[in-house]
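Worksheet for the structure shown next.
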C-alpha cells in the first residue's frame, strides 16, 4: 500500500521526459510517439543484463537515470535548474494524485495505456536496442562520446544511442 505501480511509474516517466521539446527557444508539445520512444529505451534497459534485476520501475527510479525524477535534473542536464525543479514538482504532484486514487488525464492517461502494454509484452523495439538518450539541446554527455556508443536516431528533441558501456 502507498506505492506507485510499475505501470504508473513508467507512465509518469515517459510523459514528463518527452512531453515537449525545445525548438528555437520555445517549448513545443511532442506527440505520443515521443513518449513511446522513451518507453522503448526503458524497456530496452529492463531487458539488458546490466539493469534487468531492477525491472521497469527500478530502471525509471535509478538515481540520475531520468531527469524528471531528480529535483535538479542530474549530472548530464544541469541547465535551467528552475525548470528542472518544476518538472520534478509536477512528477511528485501526479504521483500523489495517483496514490490518492485520482485517475490520470490527457497524455498521462495515454502513457499509462502504453506502459501497461509494454509490461504486458506488446512493445516492439523501434530503436535498435537503444538504452540511452539525451535532449538535443544540451551538450553531448561524456557517455555519448564513448567509442562504442552508436547514435541510432534523432527525433522529437532526443538523440538515441545503443552500445553505451
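In the working numbering, the protein residues as written are 107 to 271.
Ideal Cβ placement from N, Cα and C applies to all residues, glycine included.
Using CA atoms only, rank isn't needed, just tell me which of the options is closest to residue i.
i	options	result
residue 108	229, 124, 201 and 259	201
residue 212	113, 152, 111 and 125	125
residue 242	155, 206 and 130	130
residue 251	132, 163 and 271	271
residue 232	249, 219, 214 and 144	144
residue 120	227, 214, 207 and 135	214
residue 249	199, 159, 171 and 163	171
residue 245	163, 135 and 264	264
Can the beta-carbon of residue i be found closer than 7 angstroms to that of residue j?
i	j	result
residue 262	residue 127	yes
residue 216	residue 116	no
residue 269	residue 254	yes
residue 165	residue 175	no
residue 218	residue 210	yes
Give every residue of the same chain whose Cβ lies closer than 6 angstroms to the Cβ of residue i, excluding the five residues on either side of it in the sequence, and list them in chain order.
i	result
residue 149	224 and 229
residue 259	266
residue 221	113, 116 and 117
residue 133	126
What residue does the alpha helix (DSSP H) around residue i start on, and which one ends it?
i	result
residue 162	161–167
residue 152	138–153
residue 217	212–225
What are the start and end residues of the beta strand (DSSP E) that includes residue i?
i	result
residue 123	Not the beta strand (DSSP E): residue 123 falls in the alpha helix (DSSP H), residues 112–124.
residue 241	238–241
residue 252	Note, residue 252: premise wrong, no beta strand (DSSP E); not H, not E.
residue 133	132–135
Between residue i and the rest of its own chain, which residues show a CB-CB distance below 7 angstroms, the 5 nearest in sequence each way excluded?
i	result
residue 197	118, 122, 174 and 175
residue 167	115 and 175
residue 110	201, 204 and 205
residue 237	147, 150, 151, 154, 268 and 270
residue 169	none
Using a Cβ-Cβ cut-off of 8 angstroms (strictly less than) and excluding sequence neighbours within five positions of residue i, which residues of its own chain qualify?
i	result
residue 161	112 and 152
residue 159	none
residue 136	124, 125, 126, 127, 262 and 263
When burial is assigned at 16 or more other CB atoms within 10 Å of the CB, is residue i buried or exposed?
i	result
residue 141	buried
residue 207	exposed
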